[in-house]
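First to last, the sequence lines map onto chains C and W.
By numbering that gives the first Met the number 0, the letter at position 112 of the first sequence is numbered 111, and the numbering carries on one by one without gaps.
By numbering that gives the first Met the number 0, the letter at position 107 of the second sequence is numbered 106, and the numbering carries on one by one without gaps.
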Amino acid sequence: MRVLVVEDDAETAEFIARAARSSGMAAEIAGDLAEASWHLEQGLFDVLVLDVMLPDGDGLAFCRELRAAGRPTPILFLSARGTVAARVDGLSAGGDDYLVKPFAVRELVARLRALGRRGAIARPQHLVLGPTSLDLQARRAERAGVEVPITAREWQVLEVLLSRAGRTVAYDDVLEAAWGDVSERARASLEVIVARLRKKLDPSGAQSAIHTVRSLGYRLDLP
Amino acid sequence: MIAPRSLAASVSRVQAAAVAVASITTVIVGTAAGAFTAVRQDDGTSIALAQALARELENHATDGADALARNIGLELTEQASFGRELKVYQRGLLVGGTDRSLVGLAPRARSGCSTERLRGQPWRVCSALTSSGGEIVVASPLGRVLRTTRTLVVTLLAAALATSALFLALSRRVLRRALSPLDELSAHVSAIEAAHTAGFSLPRRWGAQEIDAVASSFDALLSRVRHSVERERRFVADASHELRTPLTRLRGQLELLQSSSEDPSLQASLQGPRRACDLLVRTAESLLALAREDVPLEETVDVGDVAERAVLALIEHDRCAAARVRLDAPEEALVRGDSTLLGLALGNLIDNALKHTTGPISVCVTSGEVIQACISDVGPGVAPHDVERLIEPFARGAAPTAQGTGLGLALANHVARVHGGSLALRPGVPKGLTCVVSLPRWQPRKAEGSPAPDPPSQHHG
Chain C
0 MRVLVVEDDA
10 ETAEFIARAA
20 RSSGMAAEIA
30 GDLAEASWHL
40 EQGLFDVLVL
50 DVMLPDGDGL
60 AFCRELRAAG
70 RPTPILFLSA
80 RGTVAARVDG
90 LSAGGDDYLV
100 KPFAVRELVA
110 RLRALGRRGA
120 IARPQHLVLG
130 PTSLDLQARR
140 AERAGVEVPI
150 TAREWQVLEV
160 LLSRAGRTVA
170 YDDVLEAAWG
180 DVSERARASL
190 EVIVARLRKK
200 LDPSGAQSAI
210 HTVRSLGYRL
220 DLP
Chain W
0 MIAPRSLAAS
10 VSRVQAAAVA
20 VASITTVIVG
30 TAAGAFTAVR
40 QDDGTSIALA
50 QALARELENH
60 ATDGADALAR
70 NIGLELTEQA
80 SFGRELKVYQ
90 RGLLVGGTDR
100 SLVGLAPRAR
110 SGCSTERLRG
120 QPWRVCSALT
130 SSGGEIVVAS
140 PLGRVLRTTR
150 TLVVTLLAAA
160 LATSALFLAL
170 SRRVLRRALS
180 PLDELSAHVS
190 AIEAAHTAGF
200 SLPRRWGAQE
210 IDAVASSFDA
220 LLSRVRHSVE
230 RERRFVADAS
240 HELRTPLTRL
250 RGQLELLQSS
260 SEDPSLQASL
270 QGPRRACDLL
280 VRTAESLLAL
290 AREDVPLEET
300 VDVGDVAERA
310 VLALIEHDRC
320 AAARVRLDAP
330 EEALVRGDST
340 LLGLALGNLI
350 DNALKHTTGP
360 ISVCVTSGEV
370 IQACISDVGP
380 GVAPHDVERL
390 IEPFARGAAP
400 TAQGTGLGLA
410 LANHVARVHG
420 GSLALRPGVP
430 KGLTCVVSLP
440 RWQPRKAEGS
450 PAPDPPSQHH
460 G
């Protein structure tokens, strides 16, 4: 798996690359957008880590250009802005994930791995699961005109399952991506969260999209 | 303190009082002048009568003065006296006149008029002398004049009062209308929130110079506030970026060093810097959060989940401390807000509790009318008079062991406030402290229209 780290702070870029390498990925570093373009022309990357603010331009605009040019490589944004609006900006520019500085390295690596495994599949913006319609970018869900209160953690779990829809996602993979922690305590919470999520998406339980694969993990089936 | 009064009421009251004083003065002066003139006129008539009679008396001095005087007196009295009493004296002896019973109407041996009290009534008494030692005394009752005067006073006073009342009502209305732009202005000004001054300006024309002046000063103030808010926002954004970049570097490198090293002693010695770095990260986040007033409340947050995450983060740093924390969040407790800020607030409160005691800490999240997160410890607690002070940034408890960012309570208070909630500190029984963060419970409502297909992409937070 090849990762391109586009980050103007050399030391930050360096430790991200080191972390990626130490977990078995290949990593290249670009200090600005021009360098990033050059790298992208040279070779294929599985994941892009893109800082939002770069010396020669805006990471969001760069992402839009890449998408317009038909490049589907998954992009993880790094930003100093942690607001929901900033996250929506990143995702609507064509980003696939968003991480706020300062982040935990483990979390970054887990997310990179998830993105790499998922590969370049188009991420739907709108989705209908049973009676509930979802706006994945704005993280809003609605059923019969009433908003369904899905919490941030539930969205994370849902997104992990969605990214590998139709396949079974191991408990630990979900935990790593949503909690950054695979302890017993986190595992117990995951069960509670999945139960709540099922109930919120489909209160009647008739057409539940999330299935438990005994002793392995969860699987989400798209309609 | 004196309760503030309505300006319109005060001014119209003063005006009405002025009108009343002016009216009453007019009444008094007018009545006095009227009464004086009436008495003078009456005196004139009395004197003319007395003098006419005196002349008659002189002309007929040789006749029986008594009979003559009586006749003339009676005749004239009937014709022109209007209730006057008349006495004719000849060399000090009463020789005729009306109503002999009018006792005390004595000869006075001089001409002219004076006021006297006879039979319990005030009279004007005028007299005319003859050269032969006769005297005509004419007494006119003052009662008539006084009655007229009294009627005049009452009428004028009533008119003055009516005018004042009318004026009071009228001027209050006029003033209220004149001052109504002030109410509107104050509504405009109160509608401005410090954090949302951008694009807000006050109308320039209010229909009165004075109010235009007030409005333009407010507008000037507003633009200064706007500048300072804008500067503050830029500062926070810049500071945020400048702080996060090195912190990201520091935290990442420490984490990587620790995980890549095989040497247990190096790993152990890195534990301290890791903790210091985490504290620094949290302090920076807290400071930045404290500087933010306009927090968009867009996430659906389960406070129980936030509390759990805070406890999990603790486990990663300090297992011993984490073992002392018991979390109890049985049901989902949904609020609308910012999960990062809420996490920071609860994390700080839990940290505070851990620092102030070595005993167990209980974290509970309840979902009722309001969502409450309680962090209770059995430490020394705080004195009631210290509560206000401790909520200020950088305040520390009295305990010598107190350490930490000093931002915990201030931040929790601020975060609760921007979420429309509050922070309360309750002393425990018999000791300890419970921090209660109360937040408004969020209930999804029927959405207005269809869900927005394109989320707004222009946000400056």
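We put the beta carbon where it would ideally sit given N, CA and C, even for glycine.
Computed from a prediction, not measured in an experiment: that's the story for all the values here.
Test item: CB-CB of residue i and residue j under 7 Å
i, j, result
"W:Leu333", "C:Pro148", "yes"
"W:Val18", "W:Ser126", "no"
"C:Val4", "C:Ala35", "no"
"W:Ile349", "W:Arg440", "no"
"C:Gly42", "C:Ile74", "no"
"C:Leu47", "C:Thr72", "yes"
"W:Val435", "W:Ala423", "yes"
"W:Val144", "W:Ala37", "yes"
"W:Leu410", "W:Leu289", "yes"
"C:Val173", "C:Val191", "no"
"C:Asp201", "C:Gly129", "yes"
"W:Leu165", "W:His187", "no"
"W:Val137", "W:Arg83", "yes"
"C:Ala185", "C:Trp178", "yes"
"W:Leu52", "W:Gly133", "no"
"C:Phe14", "W:Leu256", "no"
"W:Thr114", "W:Arg107", "no"
"W:Val300", "W:Ser239", "no"
Nearest-angstrom Cα separation, counted from residue j out to residue i
i, j, result
"C:Met24", "C:Glu175", "17 Å"
"W:Arg146", "W:Ala168", "33 Å"
"W:Thr148", "W:Gln120", "16 Å"
"W:Asp327", "W:Ile390", "25 Å"
"W:Arg274", "W:Leu313", "10 Å"
"W:Leu181", "W:Ser227", "26 Å"
"W:Gly419", "W:Leu438", "7 Å"
"W:Ser131", "W:Lys86", "16 Å"
"W:Ser285", "W:Leu406", "7 Å"
"W:Leu432", "W:Pro295", "31 Å"
"C:Gly30", "C:Asp50", "10 Å"
"W:Val364", "W:Ser11", "58 Å"
"W:Ala322", "W:Asn351", "15 Å"
"W:Glu331", "C:Arg80", "28 Å"
"C:Ala60", "W:Ser366", "43 Å"
"W:Arg474", "W:Val362", "There is no way to answer for residue 474 of chain W, as the model of chain W reaches only from 0 to 460."
"W:Ser375", "W:Ala344", "15 Å"
"W:Arg203", "W:Ser215", "7 Å"
8 Å contact criterion, which residue i and residue j should meet: CB distance rounded
i, j, result
"W:Leu269", "W:Leu253", "6 Å"
"W:Gly346", "W:Glu298", "At roughly 17 Å, the Cβ-Cβ gap does not stay under 8 Å, so W:Gly346 and W:Glu298 are not in contact."
"W:Arg308", "W:Gly342", "6 Å"
"W:Thr30", "W:Leu155", "7 Å"
"C:Ala33", "C:Ala26", "So it is not a contact: roughly 19 Å between Cβ atoms."
"C:Ser132", "C:Glu146", "The pair is not a contact, with the Cβ atoms about 11 Å apart (cut-off 8 Å)."
"C:Pro101", "W:Arg250", "5 Å"
"C:Leu160", "C:Leu219", "4 Å"
"C:Leu196", "C:Glu153", "5 Å"
"W:Thr244", "C:Asp8", "5 Å"
"W:Leu104", "W:Leu117", "6 Å"
"C:Leu77", "C:Leu98", "6 Å"
Residue-level contact to chain W via CB, residue i, 7 Å cutoff
i, result
"C:Ala205", "no"
"C:Ala18", "yes"
"C:Arg112", "no"
"C:Glu175", "no"
"C:Gly81", "yes"
"C:Phe76", "no"
"C:Glu10", "yes"
"C:Val181", "no"
CB contact below 7 Å: residue i versus chain C
i, result
"W:Val235", "no"
"W:Gln252", "yes"
"W:Arg248", "yes"
"W:Arg203", "no"
"W:Arg323", "no"
"W:Glu297", "yes"
"W:Ala15", "no"
Chain-ordered chain B contacts of residue i [CB-CB under 8 Å]
i, result
"C:Asp31", "As a matter of chain content, chain B is missing from the structure shown, whose protein chains are C and W."
Worksheet item: Taking only runs of the alpha helix (DSSP H) that begin and end inside the stretch 121-205 of chain W, which ones reach a length of at least 4 residues, in chain order?
Response: 142-190
Discussion item. Could you tell me which whole alpha helix (DSSP H) segments of length 4 or greater appear in the stretch 73-158 of chain C?
Written reply: 83-91 and 104-117
Item to complete: Any chance you could list the alpha helix (DSSP H) runs of at least 4 consecutive residues sitting entirely within the stretch 21-60 of chain W, in chain order?
Response: none
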